[in-house]
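A.B. asks: So the sequence shown is numbered by my numbering: it starts at 1 and just counts up by one. My questions all concern the structure below.
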Amino acid sequence: MKDRIQLGQSELKINPIGLGTNAVGGHNIYPNLDEEAGKDVVRTALNHGMNFLDTAFIYGPERSEELVGQVVKEHGKRDEIVLATKGAHQFKGDDVVFNNRPDFLKEQVEASLKRLQTDYIDLYYIHFPDDDTPKYEAVGALKELKDQGKIRSIGVSNFSVEQLKEADQDGYVDVIQSEYNLFKRDAEKEMLPYTADNHISFVPYFPFASGLLAGKYDENTTFDDFRAKNPLFQGEAFKENLAKVDKLRPIAERNEVDVPHVVLAWYLNQPSIDAVIPGAKRKDQVVDNLNTLKVDLTDGEIQMIDEIFS
Ligand SMILES: NC(=O)c1ccc[n+]([C@@H]2O[C@H](COP(=O)([O-])OP(=O)(O)OC[C@H]3O[C@@H](n4cnc5c(N)ncnc54)[C@H](OP(=O)(O)O)[C@@H]3O)[C@@H](O)[C@H]2O)c1
């Protein structure tokens, strides 16, 4: 597997194994996060040749961008890093709404630039669609920012295929990020064929289904965060899901790697999936995920994995 690929039609060259950072300062997502450990995760990724970092305003909120920004600054080689962030959440009192209005997105980009301590963002995503802004207008605002050099490529996230088509009517969208993993494969019906035909990179989030596909849990594992309510982690369904993950072990052994690497390699064989952004809470997980680059699944193995999870 190549260790540098081009992201969509953009000029960005990335290591296909990126890093998701919602556990870096994402105090509103995970309890008891250690910020220094989070910064160490990012530092380790950069020191091991991963250059694609994924954060968002809402992780923290704000704190993930701040911590990632500190590590990028300390690393020094800004031009070697491909920094992706997202915006659309707007706080109104205790409520949070999605806002894709051009003026709001432009304000959000300015605020992200400050938190990230940088002059440009390599990939800026509209994090969620709102109900009323025409999607081509929202993307048009990002195109203006791209022309000004404040962002280098345009992404959308959590958009339906219809919303993506509207957003991309002028051909400006480089990347879409949406939930996709071996337990949640809806994107295969329409989204992946569309992105493949239109040279848009699809970046799957929750690639390990929040850790379930990393092959380290058993039926006695308990969770104290949002996973405690996730349907994949409940009762009989949890046991059945663990049994499916177990079936990946012989494939991992044959490839002299572990389950997470086979899982990530399988995604990278799907049309238009050029990169993955597994999250990590510990630096050893970051280094471990790079073993994916050693995996070259056979057609038979790709089909076998497809059947286990179909
Ligand atoms: N666009 C969106 O709306 C959206 C939504 C969600 C996430 N995201 C992005 O997608 C990224 C990935 O999602 P995620 O981090 O929530 O979930 P994930 O990648 O599916 O799972 C991450 C978890 O997998 C486990 N893990 C990672 N590497 C491992 C390894 N080598 N061996 C064993 N276990 C390993 C860790 O679990 P433990 O906790 O058990 O250590 C880690 O916390 C996020 O960080 C974020 O950047 C985007």
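No residue lacks a Cβ here, since even glycine has one placed at the ideal position from N, Cα and C. It should be emphasised that the depicted structure is a prediction, and the values quoted were computed from it without experimental measurement.
Quick test of your reading: SER153 and ASP174, contact by CB under 8 Å. State the CB separation rounded to the nearest angstrom.
C.D. replies: Counting from one through the sequence shown, the residue named residue 153 turns up at place 153. Counting from one through the sequence shown, the residue named residue 174 turns up at place 174. That belief holds up - the Cβ atoms of SER153 and ASP174 are roughly 4 Å apart, short of 8 Å.
A.B. asks: Contact defined as beta carbons within less than 8 Å: I believe LEU123 pairs with LEU12. What is the distance between those atoms, to the nearest angstrom?
C.D. replies: Counting from 1 along the sequence shown, the entry for residue 123 is found at position 123. Counting from 1 along the sequence shown, the entry for residue 12 is found at position 12. LEU123 to LEU12, Cβ: 7 Å. Contact.
A.B. asks: Among the candidates ASP131, ARG115, SER157, whose CA atom is the shortest distance from the CA of TYR125?
C.D. replies: Residue 125 sits at position 125 when you count from the first residue of the sequence shown. Out of ASP131, ARG115, SER157, SER157 has the C-alpha closest to the C-alpha of TYR125.
A.B. asks: Report buried or exposed for PRO250, applying the criterion of at least 16 other Cβ atoms within 10 angstroms of its Cβ.
C.D. replies: The residue labelled residue 250 in the question sits at position 250 within the sequence shown. In this structure PRO250 is exposed. Its beta-carbon is surrounded by fewer than 16 other beta-carbon atoms within 10 angstroms.
A.B. asks: Is ILE277 near ligand 1, with its Cβ less than 8 Å from a heavy atom?
C.D. replies: Counting from one through the sequence shown, the residue named residue 277 turns up at place 277. Flag set: Cβ of ILE277 near ligand 1.
A.B. asks: Does the beta-carbon of GLY87 have 16 or more other beta-carbons within 10 angstroms, so that it is buried, or is it exposed?
C.D. replies: In the sequence shown, counting from the first residue as 1, residue 87 sits at position 87. Answer is buried; the Cβ neighbour count reaches 16.
A.B. asks: Using CA coordinates, which residue listed in ASN255, ARG63, GLY18 is at the minimum distance from ASN28?
C.D. replies: As a first step, residue 28 must be located in the sequence shown, where it is residue number 28. Comparing alpha carbon positions, the residue from ASN255, ARG63, GLY18 closest to ASN28 is ARG63.
A.B. asks: Would you tell me roughly how many angstroms separate the C-alpha atoms of ILE200 and GLU166, rounded to the nearest one?
C.D. replies: Within the sequence shown, numbered from 1, the residue matching residue 200 stands at position 200. Within the sequence shown, numbered from 1, the residue matching residue 166 stands at position 166. Near 14 Å, if we compare the C-alpha coordinates of GLU166 and ILE200.
A.B. asks: Quick check: what's the CA-CA separation for LEU113 versus GLN303?
C.D. replies: Position 113 of the sequence shown holds residue 113. Position 303 of the sequence shown holds residue 303. For LEU113 and GLN303, the distance between alpha carbons rounds to 43 Å.
A.B. asks: By a C-beta neighbour count over all protein chains shown, 10 Å radius and 16 as the cutoff for buried, is ASP258 buried or exposed?
C.D. replies: Taking the first residue of the sequence shown as 1, we reach residue 258 at position 258. Buried, since its Cβ has 16 or more Cβ neighbours within 10 Å.
A.B. asks: Ignore the nearest five residues each way along the sequence and tell me which others in GLN90's own chain have a CB closer than 6 Å to its CB.
C.D. replies: The residue you call residue 90 lines up with position 90 of the sequence shown. Counting only Cβ-Cβ distances below 6 Å, and skipping sequence neighbours, we find VAL97, ASN99.
A.B. asks: Since I believe VAL203 is in contact with ALA275 (beta carbons under 8 Å), could you give me their beta-carbon distance rounded to a whole number of angstroms?
C.D. replies: Residue mapping note: residue 275 aligns to position 275 of the sequence shown, counting from 1. Residue mapping note: residue 203 aligns to position 203 of the sequence shown, counting from 1. Right, the Cβ-Cβ distance comes to about 6 Å (below 8 Å), so this counts as a contact.
A.B. asks: Measure the C-alpha to C-alpha separation of ASN32 and ASP197 and round it to an integer number of angstroms.
C.D. replies: To locate residue 32, count along the sequence shown from 1; it is residue 32. To locate residue 197, count along the sequence shown from 1; it is residue 197. Rounded to the nearest angstrom, the two C-alpha atoms are 43 Å apart.
A.B. asks: Hey, VAL161 and GLU179: beta-carbon distance below 9 Å or not?
C.D. replies: Mapped onto the sequence shown, residue 161 falls at position 161. Mapped onto the sequence shown, residue 179 falls at position 179. Result no, Cβ atoms of VAL161 and GLU179 do not sit closer than 9 Å.
A.B. asks: Run the CB neighbour count on ASN47, radius 10 Å, all protein chains shown included, and call it buried at 16 or more, exposed below.
C.D. replies: Looking up residue 47 in the sequence shown gives position 47. Answer is exposed; the Cβ neighbour count stays below 16.
A.B. asks: Go ahead and pull the three-state DSSP assignment for PRO231.
C.D. replies: Along the sequence shown, read from residue 1 onward, the residue named residue 231 stands at position 231. Helix, per DSSP.
A.B. asks: Can at least three beta-carbon pairs, one atom from the stretch 230-238 and one from the stretch 266-285, be found at a separation below 8 Å?
C.D. replies: Cβ pair count under 8 Å is below three, so no.
A.B. asks: Counting C-beta neighbours from all protein chains within 10 Å, is the total for PHE208 16 or more, i.e. buried, or is it exposed?
C.D. replies: In the sequence shown, residue 208 corresponds to position 208, counting from 1. Buried: at least 16 other Cβ atoms inside 10 Å.
A.B. asks: What I want to know is whether the C-beta of ASN22 ends up closer than 8 Å to one or more non-hydrogen atoms of ligand 1.
C.D. replies: Along the sequence shown, one-based indexing puts residue 22 at 22. ASN22 Cβ: within cutoff of ligand 1.
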